[in-house]
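What follows is a set of notes on a single structure, which appears directly below.
Protein chains: 2
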Amino acid sequence: MSDQLLSLSKTLTDNGHRLTTARQVILETLVTCGGHLSADDLAAKVRDAAPRVGRMTVYRTLDLLCELGMIRPIYQGTGAAHYILMDEGSHHHLICNRCGLVIEFDECMSSEVGQALSQRFNFKIQSHLLEFHGLCDHCQKL
Amino acid sequence: MSDQLLSLSKTLTDNGHRLTTARQVILETLVTCGGHLSADDLAAKVRDAAPRVGRMTVYRTLDLLCELGMIRPIYQGTGAAHYILMDEGSHHHLICNRCGLVIEFDECMSSEVGQALSQRFNFKIQSHLLEFHGLCDHCQKL
DNA sequence: GCAGATAATGATATAAATTATCAATATGGC
DNA sequence: GCCATATTGATAATTTATATCATTATCTGC
Chain A
1 MSDQLLSLSK TLTDNGHRLT TARQVILETL VTCGGHLSAD DLAAKVRDAA
51 PRVGRMTVYR TLDLLCELGM IRPIYQGTGA AHYILMDEGS HHHLICNRCG
101 LVIEFDECMS SEVGQALSQR FNFKIQSHLL EFHGLCDHCQ KL
Chain B
1 MSDQLLSLSK TLTDNGHRLT TARQVILETL VTCGGHLSAD DLAAKVRDAA
51 PRVGRMTVYR TLDLLCELGM IRPIYQGTGA AHYILMDEGS HHHLICNRCG
101 LVIEFDECMS SEVGQALSQR FNFKIQSHLL EFHGLCDHCQ KL
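Top line first, the protein sequences correspond to chains A and B.
Mapping the first sequence onto the working numbering, position 48 (from 1) lands on 48, and the numbers just tick up by one.
Mapping the second sequence onto the working numbering, position 11 (from 1) lands on 11, and the numbers just tick up by one.
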């Protein structure tokens with residue numbers, strides 16, 4: 001079991017939730033795929049490994065993971081919510097408004113701002129997401 | 001007609017799209033409500049002013065506005081996508097992972113990073129979104 | 001390790017949100 | 001005003017998400 005998987009599982013149990021087989025498979029699948037999946041995509045992949053896991057459980061687990069700040073739903077062109085892993089604490093995207101292309105990047109300077117906000121609003125920050133929207137190289141030429 | 005509305009309309013026509021009555025009412029409603037609406041919420045409000053506008057048109061117009069970078073869908077707890085106005089160029093949110101509370105704030109220092117990325121990926125940036133996720137004052141105490 | 005309280009599951013049903021289709025209509029350029 | 005055509009909207013179909021509840025698996029304390 002990878003470190004990442006271990007740490008995700010620990011977050012669950014630390015918050016008083018049970019580490020069921022279904023949840024383990026769901027976490028495993030999420031980590032393997034690196035996120036960016038819709039609930040139904042995930043349900044399908046989970047069923048490859050464990051056919052007995054119901055769709056409902058996937059939805060509920062995703063809700064729970066959101067509440068714990070481990071994942072985050074984002075919009076990715078289609079109507080279904082896609083989930084990204086937030087355990088690393090942040091995600092940075094460049095998103096094309098036309099074709100939906102997502103480029104990930106690393107640099108970010110939000111920590112100072114985050115700290116200030118955390119104090120002002122008494123808000124416990126678990127992660128952040130920075131998205132730039134616009135037109136990718138290809139779509140600018142259309 | 002407000003400046004904001006005027007500028008939004010201009011973006012539409014500048015990009016070769018027609019300024020129909022339906023689109024005008026939709027833009028008006030969006031501006032009046034300041035965004036943060038789901039497609040169906042919007043459709044309902046639009047119909048108060050113009051009962052003849054169909055739901056389909058609202059969905060299609062929202063798609064178009066997204067493509068032009070004028071609005072952006074975000075997930076706000078519930079299953080339906082909510083749309084925020086992006087014409088000012090940016091949005092900054094503090095979002096509670098448990099109750100879905102959204103606090104808006106102003107400061108942000110993403111312009112330099114944005115500029116660097118824009119060059120590296122030859123990406124035309126139209127707007128950005130910065131979200132901090134965590135637990136609000138109230139939910140920390142539960 | 002075992003029993004028991006209870007969180008969690010999953011099959012089914014229901015509701016909500018989004019997308020597809022296509023004839024009818026309104027729009028902007030001329 | 002006319003015309004080519006982008007846009008519309010009523011309907012239908014599909015996809016996503018939520019609710020319910022009897023059954024099952026998990027963790028705790030022994």
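Backbone N, C-alpha and C define an ideal beta-carbon position, used for all residues, glycine too.
Computed from a prediction, not measured in an experiment: that's the story for all the values here.
Item                                                                                                                                                                                       : Value
Along the chain, where does the alpha helix (DSSP H) containing Phe-132/B start, and where does it finish?                                                                                 : That residue, Phe-132/B, is in no alpha helix (DSSP H); its beta strand (DSSP E) goes 124-135.
Any idea what DSSP makes of His-36/B, helix, strand or coil?                                                                                                                               : coil
Return no unless some Cβ of chain A is closer than 7 Å to the Cβ of His-128/B.                                                                                                             : yes
Compare the Cα-Cα distances from Gln-115/A to each of Asn-122/B, Met-70/B, His-133/B and Val-58/B and report the closest residue.                                                          : His-133/B
So, with DSSP's three-state summary, where would you put Arg-60/A?                                                                                                                         : helix
Taking CB distances under 7 Å as the criterion, tell me whether Tyr-75/A reaches chain B.                                                                                                  : yes
Do we get a CB-CB distance below 7 Å when we pair Arg-60/A with the residues of chain B?                                                                                                   : no
Assign Pro-73/B to one of two classes, buried (16 or more other C-beta atoms within 10 Å of its C-beta) or exposed (fewer than that).                                                      : buried
Can you tell me which residues form a DSSP beta bridge with Tyr-83/A?                                                                                                                      : Leu-37/A and Pro-73/A
How would you list, in chain order, the residues of chain A whose beta-carbon sits under 7 Å from the beta-carbon of Gln-140/B?                                                            : Lys-124
Please report the straight-line C-alpha distance between Asn-97/A and Cys-66/A, rounded to a whole angstrom.                                                                               : 25 Å
Count the other C-beta atoms from every protein chain shown that fall within 10 angstroms of the C-beta of Ser-111/A, then say buried if there are 16 or more, exposed otherwise.          : exposed
Should Ala-39/B and Val-58/B be called a contact, given that it needs their Cβ atoms to be closer than 7 Å?                                                                                : yes
So for Val-31/B, helix, strand or coil by DSSP?                                                                                                                                            : helix
Can you confirm whether Arg-55/A, when its beta carbon is compared against all beta carbons of chain B, has any partner nearer than 7 Å?                                                   : no
Please name the residue in Gly-16/A, Thr-11/A and Val-53/A whose C-alpha comes closest to that of Thr-29/A.                                                                                : Val-53/A
Give every residue of the same chain whose Cβ lies closer than 6 Å to the Cβ of Val-102/B, excluding the five residues on either side of it in the sequence, and list them in chain order. : His-93 and Ile-95
From which residue to which residue does the alpha helix (DSSP H) around Leu-12/B run?                                                                                                     : 3-14
Which value, in whole angstroms, describes the spacing of the CA atoms of Leu-130/B and Ser-2/B?                                                                                           : 27 Å
What residue from Gln-4/B, Cys-108/B, Met-56/B and Leu-117/B has the CA that sits closest to Cys-33/B's CA?                                                                                : Gln-4/B
Roughly how many angstroms lie between the CA atoms of Ser-118/A and Pro-51/B, to the nearest whole one?                                                                                   : 44 Å
With 7 Å set as the bound, which would you pick, yes or no: does the beta-carbon of Gly-134/A sit closer than that to a beta-carbon of chain B?                                            : yes
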